[in-house]
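Each number in our numbering corresponds to the 1-based position in the sequence shown with 14 added. Using N, Cα and C, we set each Cβ at its ideal position, and we do this for glycine too. Just below is one structure, and these are the notes that go with it.
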Amino acid sequence: MKSKTFYIKLQPHFRLWVDLKDKIAFEAALYERNIPFHIDDNQSTVGSGIRYFFSDRYSGLVDDVVKSTAIIACAETIPSANYEISRKVNRLYIIIAVVMVLLLIIVTLIVEVRE
């Protein structure tokens, strides 16, 4: 549906960014519901997002797809962050900090006992 759907960009349309990791599930759900879309192949992105173009008349169906698949999608004007990954990274930082503090305390106690 890529090259045959360029007409979508010429009509009233809206854009969504979807993470690369969700590409297959998102497109499968779109094909299942027969929702035409266009992917901007010449996009320059800073992240791993893919820009999709949809006709305005399919906005309700696309919204249903996003909700039913639990895919994180955002409009170009509203950047989104993957909070699940951020939460995991923050948890790892906390664990590393606690381990370092405990090691410091243990080493300090060992040094004091030897003196």
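| Query | Result |
| --- | --- |
| Here's a check: name, in chain order, each residue in its chain whose Cβ is nearer than 6 Å to the Cβ of Phe40, leaving out the five neighbours to either side. | Val32, Ile85 |
| How do the segment 64 to 74 and the segment 103 to 118 stand: do at least 3 beta-carbon pairs fall below 8 Å, yes or no? | no |
| Let me check understanding here. Comparing Cα to Cα, which of Leu30, Pro26, Lys18, Gln25 lies closest to Cys88? | Leu30 |
| For Ile64, name the three-state secondary structure that DSSP assigns. | strand |
| Express the C-alpha separation of Ala43 and Thr83 in angstroms, rounding to a whole number. | 8 Å |
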